[in-house]
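In the working numbering, the protein residues as written are 1 to 210.
C-beta atoms are modelled at their ideal positions from N, C-alpha and C, and glycine is treated no differently.
All of these numbers come straight from a predicted model, not from anything done at the bench.
The structure appears below as structure tokens.
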């Protein structure tokens, strides 16, 4: 089987940098977002303060300056009085998207998962914030030259801005993890530009690397 692993790293708030300094990881902010995410996830696995806690309707998790709640309706992130909601609505190629149904989250230590058939939507919590990623184990239809598209619906009073892997905000870090011989093409579409604002559906079209 061949697995396509898309990683959408969400460094949601610049306020996280100040919080991280209190946890001895301030120096990580100079690293690429991908490296920050890997280190943060590893540190989070080793510290119960970053574990997801069961609550009515789902789970909660926190990191410096950030709190997240995971329910079947999606994820709500807050920092102080500001809130941001995120829900997966579909995935596929171009405008031909497979819709997803609401599912209950599952959690192990600092990792929370939503299992949507052949796609796993996952979150890793750690001292640098919350990382979001997608693991797709089966090609969602035929590409027909179209980019892989993940449709996310946002709400609330924060905006997530798509940027390159060297910036804070919302950045995409895609990779193709290969195994065996299944025919699952890793293409090279262009990333969409713009900002996901409250009440709008944002389609992330990450470029995939071979």
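{"Item": "Since residue 72 and residue 127 are thought to touch, with beta carbons under 8 Å apart, how far apart are those beta carbons, to the nearest angstrom?", "Value": "Their Cβ separation, rounded to whole angstroms, is 28 Å, which puts residue 72 and residue 127 out of contact at 8 Å."}
{"Item": "So does the stretch 86–100 actually touch the stretch 44–61, counting three or more Cβ pairs closer than 8 Å?", "Value": "no"}
{"Item": "Taking only the alpha-carbon atoms, compute the straight-line gap between residue 75 and residue 145 and give it to the nearest angstrom.", "Value": "32 Å"}
{"Item": "Cutting at 6 Å between CB atoms, please list the residues of its own chain near residue 70, excluding the five before and the five after it.", "Value": "58, 59, 105 and 112"}
{"Item": "Kindly indicate which residue of 133, 82 and 81 has the alpha-carbon position closest to the one of residue 124.", "Value": "133"}
{"Item": "Candidates 96, 88 and 65: which alpha carbon is nearest residue 82's?", "Value": "65"}
{"Item": "By DSSP, does residue 139 sit in helix, in strand, or in coil?", "Value": "coil"}
{"Item": "What residues are listed by DSSP as bridge partners for residue 77?", "Value": "68 and 84"}
{"Item": "What's the C-alpha gap between residue 67 and residue 87?", "Value": "16 Å"}
{"Item": "Could you tell me the alpha carbon to alpha carbon distance between residue 153 and residue 45, rounded to whole angstroms?", "Value": "28 Å"}
{"Item": "Just curious, the alpha helix (DSSP H) that residue 33 is in, first and last residue?", "Value": "33–45"}
{"Item": "Work out the CA separation of residue 157 and residue 118 for me, nearest whole Å.", "Value": "32 Å"}
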